[in-house]
Amino acid sequence: MKAFVVMVVCLWCWQCSAPRYPAGVREALAAAGENRGELEQVLAHYAAAPGDSLKWQAACFLIANMPGHYTAGGKMLDSLRRRIDRDTAGYFARKAMDLLVSAMPELDDPKHRQEDVQCVTAEYLIGHIDACFALRERFPWYGEVSRSDFFRYVLPYRLGHERLDGWRDSITPVLPEKYRISSTIQRDLEEARKYLSLPDGQVAGFSDTLVSRLYGELMGACRYLSLMRLCLRRMAGMPAAVDYIPCYPDRNGFHYWRIDVDSRKLNPYMEDALQRKPAKVFRETFDRHAVPEARKGEFMPELFRDPFLEDVTDEYLHTADVTVPAAFRVAGRPEHAYLCVFNDLDWQPTAIGTWEGGKAHFTGMGKGIVYLPVYYEGRRMRAFHYPFVLTASGTAEFLVPEEGERLALHLERKYPYDEEQYEYSAGIAGAAIEAAAEPGEFRQVAAFPAENHYYFSAVLPDSLPACRYWQVQATGEAYFAEVLFYDGEGRLIPRDSLLYRGSAFDGDMFTNVRSSRINAVFREPVRVARVVCLPRSDGNGVYPGDEYELLYYAANGWRSLGRQRATDYSVDYGDVPAGALYWLRNRTKGVEERVFTVEDGQARFW
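Per the working numbering, the sequence shown starts with residue 479, numbered consecutively.
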């Protein structure tokens, strides 16, 4: 009995003297395996100095959020890293290139990843924490940075999945008030660019496709640039993060950008990021966030399983919550629902919601966007209602086909015509078409319409004789992509009939001539009935010879209204159900296509 009492007292004394770690730290220590001693050494180091209580909290923050962070690895990735270390002179060049290649998922082999919690040493973590706090003491303006912002946006020891090193001590910090890149870093960036600028355009041992991808990323991809800019800010000790839009709702693609975090600003507005409206904006963080729990066997897209993403849409937009009832049969009992946006010719999930009483609830959604509500049956996406527009007032207007009401549609484009392209064509509006039998005897025979358009067409008088010399005299400087001449039978006069064939007559709409006048000289006089001019554009109009298909969204998904080969610069469809969401597809070429509704007889792209 006496021995039992002694044992209980000893156990009680040990528990009282044992460190009381936060729950997240205890979980990280349990996951550390043989590396647990290194992490405990960090905690003990700061616990032993009462004056370093904030550093102890910082150590707890880093260790608690460490699980899930790793250094990407793999045979090809390691080979590239060796090449980077050998060929690039400056430290920042090596760091920038390592950030780039480590962010490419096709190079990362999960079997060769190094989990931070199992390999970070006490020496490394203590050195990093001390370096961060040295910055905090160096710059007086840190008094305006909250502890939370300092921990979240200055303290993290890694930026992505790059190799860990003492990057805080490798470059003298750029003074925050200067907001500049030092000459040393600029030189290192140039060195990094040279890394892939080899005489034969290749990197020995790597495919042309990979080299092209690397070079393209290095020269301007938003993902890489945001990481590089984040690195510069963190090296300077400035609170910063990377925000991103996973899928644009009104164009293809996604976008990343670096943001300076300032707790005094409630609504940071990044013009570069918000040129096109987002449905959701996420922030990449070092600290972990709760993720939705999927029922056993339920598929959930990776975007919503990432614990290092934070929804910050409300910091950018006036958002709305929306509830969507199930209008179609829902198979099984899914735990979650999703809102998709139309991106890259498909519906992409961008928000997750929960079910309650046969309705799905979503929070913080961007307005003025078309969404499709879906759930997953296995791995197959299923719609449970028609697409809808989330209006500026926050209401959902469902796009339900009205089979009893029919429309006739005249369509000239499959993608919106933006302001930049209107500027390219402005000088062609109202341009004069002149003809001459002999050089120098030009007279105006027609003019293009004065209204700016994505293409211009003018019909010439029947009485006009055959002429050899032609010109289009613009009202100002313009970009001419193609000038085409048609005979009285509606046939294109062959380009081979021209004496000279420049960019405006080469049959390629993506080459152009910047001028206020275009001249055409035929080998022999020709009788022209119609002249068409295509200004510089994105190539997303309707073009003769291409095959098009119109679809509308019905209860069971997209339904075709038929295919047709265009004979002019537009296609016409009759007997189209009103009130639906539509999609004009070019089945011949192109990848940029947008869904649209019809308002006042015109297509409104979304």
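Glycine included, every Cβ here is placed at the ideal spot set by N, Cα and C.
Assuming SER1015 and GLN899 are in contact, meaning their beta carbons sit under 8 Å apart, how far apart are those beta carbons, in whole angstroms? 5 Å
So what does DSSP say about ASP1046, is it helix, strand or coil? coil
Under 7 Å between the Cβ atoms of VAL579 and ALA510? no
Could you say if the region 715 to 727 and the region 817 to 833 meet the contact criterion of at least three C-beta pairs nearer than 8 Å? yes
Cβ-based neighbour list, ARG1043, same chain, cut-off 8 Å, excluding 5 preceding and 5 following: GLY1023, ASP1024, GLU1025, TYR1026
Expressed to the nearest angstrom, what Euclidean distance is found between the alpha-carbon atoms of GLU1002 and ALA757? 58 Å
Would you tell me roughly how many angstroms separate the C-alpha atoms of VAL623 and ALA506, rounded to the nearest one? 27 Å
Straight-line gap, ALA838 to GLY831 (C-alpha atoms, nearest Å): 6 Å
Start and end residues, beta strand (DSSP E) containing ILE911: 910 to 914
Distance CB(TYR1085)-CB(VAL1020) smaller than 7 Å: Lying before the first or after the last residue shown, residue 1085 is absent from the chain, which here runs from 479 to 1084.
Going by the DSSP bridge assignment, what does ASN1064 pair with across the sheet? TYR1026
Measure the alpha-carbon distance for TYR620 versus ARG614 and round it to whole angstroms. 6 Å
Provide the residue span of the beta strand (DSSP E) that contains TRP833, from first to last. 824 to 834
What is the DSSP secondary structure of HIS814, reduced to helix, strand or coil? strand
From what residue to what residue does the alpha helix (DSSP H) around LEU578 run? 569 to 580
Touch check for the region 966 to 975 and the region 1051 to 1058: three-plus C-beta pairs under 8 Å? no
Determine the direct distance from the alpha carbon of MET716 to that of ASP738, and round the result to whole angstroms. 8 Å
Cβ shell of ASP989 (< 6 Å), same chain only, five flanking positions each side left out: Sequence inspection shows Thr at residue 989; the Asp mentioned does not correspond to that position. Result list for THR989: SER981, in chain order.
To which residues of the same chain is TYR631 closer than 7 Å at the C-beta, ignoring the five residues directly before and after it? PRO717, ALA718, ALA719, VAL739
Complete runs of the alpha helix (DSSP H) confined to the region 844 to 923 [at least 4 residues]: 897 to 903
The region 760 to 772 contacting the region 786 to 799, beta-carbon criterion three pairs below 8 Å: yes
Could you give the first and the last residue of the continuous beta strand (DSSP E) run that contains GLY515? It is not in any beta strand (DSSP E) - GLY515 instead sits in the alpha helix (DSSP H) that spans 514 to 525.
Would you decide whether PRO545 is buried or exposed? Buried here means 16 or more other CB atoms lie within 10 Å of its CB. buried
Quick one: is the Cβ of SER993 within less than 6 Å of any heavy atom of the ligand NAD? Only the bare structure without any ligand can be found here, which leaves the ligand NAD out of the picture.
CYS945 - DSSP class collapsed to helix/strand/coil: strand
Leaving out five residues on either side along the sequence, give the residues of the same chain with a beta carbon under 7 Å from the beta carbon of LEU885. VAL1054, ALA1056, VAL1076
PHE777, enclosing beta strand (DSSP E) - first and last residue: Element bounds for PHE777: n/a, residue is neither H nor E.
Taking a contact to mean a Cβ-Cβ separation below 7 Å, would you say LEU558 touches GLY638 in this structure? no
Using the Cβ count rule (16 or more neighbours within 10 Å means buried), how would you classify GLY1040? exposed
Determine the burial state of PRO634: buried for a count of at least 16 other Cβ atoms within 10 Å of its Cβ, exposed for fewer. buried
Mind checking GLN1080: buried by the 16 CB within 10 Å criterion, or exposed? exposed
Counting only the same chain and skipping the five closest in sequence on each side, list residues whose C-beta sits under 8 Å from that of ALA804. GLY836, LYS837, ALA838, PHE862, HIS863
For a test of the three-state rule: what should DSSP assign to ALA805, helix, strand or coil? coil
Distance CB(TYR957)-CB(PRO894) smaller than 7 Å: no
Excluding five sequence neighbours on each side, which residues of the same chain lie with their C-beta closer than 7 Å to the C-beta of ILE996? GLN949, VAL950, PHE958, VAL961, ALA982
Residue nearest to TYR933 in terms of C-alpha spacing, selected from ASP563, ARG891, TYR602, ARG1063: ARG891
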